[in-house]
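Participant: Heads up: the sequence shown at position 49 corresponds to 206 in my numbering, and the numbers run straight through without jumps.
My questions will all concern the structure given below.
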Amino acid sequence: MTGTLSQKLSKGEDIMCETYLDKFKQEMEPAKKIYTEEIKKLAENYDFLGEMKIREEPDIDTQDYVYVFKNLNGTSEEVLDKTLKEMYIHMKAFSKANGINEFCRNAIISLDGDFDEYY
């Protein structure tokens with residue numbers, strides 16, 4: 158399996174072309190699982206947060222992971238803002254303690270009233 162790309166192609170060898178984004182997503186998968194499990198547990202502390210969906214927003218070589226929670230009962234913006242700050246603080250500390258800081262830098266939490274518009 159050595160040789161130049163053109164030599165490999167002329168021999169009919171399989172060429173796996175992995176992008177930087179593919180590599181990033183693969184490297185982030187274990188951290189995504191850890192982060193997702195923790196944020197689900199954290200959300201259980203807030204009775205006004207319902208279903209959570211994850212939207213992935215790819216860029217050239219990285220990807221943002223947007224955690225969108227449904228606001229169940231029209232909770233005020235003030236309470237949602239306070240909750241969002243609490244969640245960010247908790248998840249930042251959790252990520253640092255669990256060695257997933259890089260994932261945390263690409264994670265966005267949204268307590269959005271227009272939950273269904275995202276999907």
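Where a beta carbon is used, it is the ideal one built from N, C-alpha and C, also for glycine.
It should be emphasised that the depicted structure is a prediction, and the values quoted were computed from it without experimental measurement.
Please report how far the alpha carbon of Asp204 lies from the alpha carbon of Gly231, in whole angstroms.
Facilitator: Rounded to whole angstroms, Asp204 to Gly231 spans 12 Å at the Cα level.
Participant: Alpha helix (DSSP H) containing Glu234: first to last residue?
Facilitator: First-last of the alpha helix (DSSP H) with Glu234: Glu234 to Ala254.
Participant: Based on DSSP bridge pairs, tell me the residues matched to Arg212.
Facilitator: The partner list for Arg212 (beta bridge, DSSP) reads Val223.
Participant: For Asn228, which residues does DSSP report across the bridge?
Facilitator: Its beta-bridge partners are Leu206.
Participant: Specify the secondary structure class of Asp179 as computed by DSSP and reduced to three states.
Facilitator: Of the three classes helix, strand and coil, the one that applies to Asp179 here is helix, per DSSP.
Participant: Grouping DSSP H, G and I as helix and E and B as strand, with all else coil, what is Ile265?
Facilitator: Looking at Ile265 - three-state DSSP - the assignment turns out to be strand.
Participant: CA-CA distance, Ser233 and Glu243?
Facilitator: Spanning the two alpha carbons is a distance of roughly 16 Å.
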